[in-house]
Amino acid sequence: MAMGETSNSENPPNDEAIKTWQVNPDRLTLMHQKIANTPRILSRSAGKSSCCIFTVPQRLVQINGPSYQPHIVSVGPYHHGDPNLNMIQEHKWRFLGTLLKRTQISLESILRAVQPLEARARECYSSAIHISTDEFVEMLAVDGCFIIELLRKFGGVVAFESDDPLLSLSWVYSFFLRDLIRLENQIPFFILQCLFDLTRMPGDESGHTLSILSLIFFNNALQRPDEFVDRFRHLTGKHLLDLLRLTFIPDGYEEAKQSNHTNTHVIQCISKLRRAGIKLRPGNIEESFLVVKFRHGVIEMPTITIDDFMSCFLLNCVAYEQCHRDCSKHMTTYATFLDCLVNTAKDVEYLCDKNIIENYFGTDAEIARFINNLGKDVSFDIDMCYLSELFNEVNDYYKNHWHVHWASFKYTYFNTPWSFISALAAFVLLVLTVAQTLLAHERDDVGEEDEHCGGRGHDDSCGVHGDVEGEHCDGPCGVKNERHGDHGRGPCGVRGDHGRGSCGVRGDVADETRGDGGHEVAEHFSHRGGEHSIFSPHLRTSDHFHSVTSSRLKRVRRISETW
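This is how it looks when you write it as structure tokens:
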């Protein structure tokens with residue numbers, strides 16, 4: 374481009390150029406043709422409620438890979454004619470032959486029964502089906518009869534041939550289970566019901582409905598009780614995936630008809646919820662895993678087994694709910710709930726330890742990745758979902774600061790046995806320290822009392838010498854004698870019965886160790902003792918003699934010598 378020139382994009386046409394511009398008639402004709410043409414990709418019935426079989430959005434395919442495409446058997450038009458699935462295509466014709474032979478029904482009768490349902494069946498597919506009427510009817514008849522025969526044989530209504538090659542392929546059955554619940558691999562349930570009724574044998578004594586046979590077939594992977602399956606005898610769905618999905622939606626857990634405008638928010642992961650004191654507990658195993666409850670800080674969740682079948686089922690249920698406008702969003706809500714709880718492999722490990730998840734899928738990290746992808750790029754009205762009330766209750770509990778602090782304390786000190794033992798040891802040490810302090814304080818008080826009242830083995834004003842121990846003071850200098858020896862061993866022994874010192878003294882009798890002076894000594898002390906006399910009421914206690922100080926004993930000795 375030469376200097377000074379500008380591109381057309383930099384110089385948009387001015388008003389004068391717009392007025393003089395002429396519409397290209399050929400381009401105009403081509404645009405009218407595109408408007409009139411039948412859509413090549415999108416079906417005209419894509420927006421109707423009858424549309425129930427979809428091609429999975431490309432974004433979900435990018436996230437979850439080949440989980441939506443069949444692996445060994447194609448059903449319906451989306452993967453019809455796939456060369457990678459030709460092996461089972463041959464078995465379809467073999468199953469159709471055995472069905473016609475057993476029932477004695479002509480192939481023409483089957484085609485005539487299906488043909489009136491062609492237009493209705495085409496409306497079930499979101500993408501345009503570019504195959505002729507004859508080919509479309511043939512496809513529905515062959516695929517439908519194959520599924521009916523498969524359900525009857527695995528349900529025990531019709532026996533397998535002894536040389537049936539499918540019996541020797543043990544891996545085939547698990548692939549059949551998964552391929553028949555893939556969203557893109559479905560035919561309408563009313564086509565199956567038509568063929569089932571047409572080919573029912575008069576002598577069929579099983580009494581099984583098409584719904585029961587279908588659920589028995591899938592129950593080999595789900596392992597639900599037979600009485601649980603029998604409750605859905607008359608249940609019908611739009612196709613096999615929808616039929617199985619409906620059996621998991623519990624009564625009383627319907628979605629709200631209109632939004633309550635509560636500004637509901639999703640919850641935190643389980644690691645953060647635990648720090649707020651929220652616990653998880655497995656619920657009733659007989660209930661659907663969709664039955665999630667929250668009571669008194671505990672989330673109750675029935676155990677969910679995650680394996681190859683369940684992972685395929687959940688992914689295709691979420692894709693179905695995302696595409697079908699009139700379908701409830703129970704599986705999408707549950708997938709989002711799991712996605713909220715799980716952030717890391719540690720969260721999965723905790724859920725497995727609590728028997729919330731039974732892992733037959735892979736490592737904890739693989740389960741975490743699957744759950745996070747399951748809830749990625751999905752949309753639903755959280756204010757109207759069946760778990761909206763639970764989300765609000767959990768968030769209210771989580772935001773309570775008291776719950777957070779109390780749970781943090783328990784998590785810090787009682788989360789493991791070692792932390793509990795450490796906390797217990799610290800508590801015991803604290804108790805012992807307090808006890809030691811109290812005992813030391815009490816000992817100091819006793820020492821002070823001994824100082825005042827004589828204590829043990831001191832010659833103070835009220836002390837007791839030798840084997841006589843003071844227990845308490847009755848008076849200013851009175852000390853109660855706790856131990857009574859047979860002999861008083863001081864200079865003037867004091868004893869319960871006799872005094873045997875140099876001058877024995879007794880409560881009212883003095884031994885005549887020194888002549889007849891005993892009574893005079895007693896009288897002398899009874900008159901002169903006063904407040905400190907050994908016969909004073911202040912010093913005398915029943916059945917016990919009181920001690921006197923060493924100075925008083927010396928005075929007794931001097932008076933005795935004088936007498």
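Going left to right, the sequence shown walks through residues 374 to 936 as the working numbering numbers them.
All residues carry an ideal CB built from backbone N, CA and C; glycine is no exception.
Buried or exposed (CB count within 10 angstroms, at least 16 for buried), residue i
| i | result |
| --- | --- |
| G517 | buried |
| L812 | exposed |
| S479 | exposed |
| Q442 | buried |
| E737 | As written in the sequence, residue 737 is Asp, which differs from the Glu given in the question. Answer is buried; the Cβ neighbour count reaches 16. |
| Q477 | exposed |
| M674 | buried |
| E557 | buried |
| L344 | This structure cannot speak to residue 344, because the chain is shown only from 374 to 936. |
| A816 | For the record, residue 816 in the displayed sequence is Arg; it is not Ala. Exposed, because fewer than 16 other Cβ atoms sit within 10 Å of the Cβ of R816. |
| R555 | buried |
| R495 | buried |
| H607 | exposed |
| I408 | exposed |
Minimum C-alpha distance to residue i - residue among the options
| i | options | result |
| --- | --- | --- |
| D699 | S684, K630, N728 and D681 | K630 |
| E463 | L473, T676 and S447 | S447 |
| V515 | C497, N728, G454 and L540 | G454 |
| S547 | I585, I560 and N592 | N592 |
| H697 | I658, R647 and L614 | L614 |
| D660 | A649, R647, H669 and I677 | What sits at residue 660 in the sequence shown is Glu, not Asp. Ranking A649, R647, H669 and I677 by Cα distance to E660 puts I677 first. |
CB of residue i within 9 Å of CB of residue j, strictly
| i | j | result |
| --- | --- | --- |
| R618 | G610 | yes |
| R573 | V531 | no |
| S701 | E628 | yes |
| D680 | A808 | no |
| S937 | F427 | The question about residue 937 has no answer here: the residues shown for the chain are numbered 374 through 936. |
| L513 | V487 | yes |
| M704 | E694 | yes |
| N689 | S423 | no |
| I672 | N768 | no |
| I521 | L565 | yes |
| Y498 | P450 | yes |
| A708 | V721 | no |
| T359 | D754 | This structure leaves residue 359 out entirely; the chain is present only between 374 and 936. |
| L724 | L653 | yes |
| F710 | V751 | no |
| G670 | I643 | no |
| R647 | L586 | no |
| Y759 | L663 | yes |
| T471 | E491 | no |
| L473 | E511 | no |
| D712 | L687 | no |
| N728 | P623 | no |
Residue i - DSSP class collapsed to helix/strand/coil
| i | result |
| --- | --- |
| R551 | helix |
| I461 | helix |
| S644 | helix |
| F800 | helix |
| E673 | strand |
| S761 | helix |
| P439 | helix |
| Y693 | helix |
| R668 | strand |
| K474 | helix |
| Y498 | strand |
According to DSSP, residues forming a beta bridge with residue i
| i | result |
| --- | --- |
| E731 | T678 |
| G749 | For the record, residue 749 in the displayed sequence is Lys; it is not Gly. Partner(s): none; K749 has no beta bridge. |
| Y771 | BP columns for Y771 are empty, so no partner. |
| K652 | V671 |
| I426 | Y498 |
Closer than 9 Å to chain B by CB, residue i
| i | result |
| --- | --- |
| L571 | Annotation note: the requested chain B is absent from the structure, which comprises a single protein chain. |
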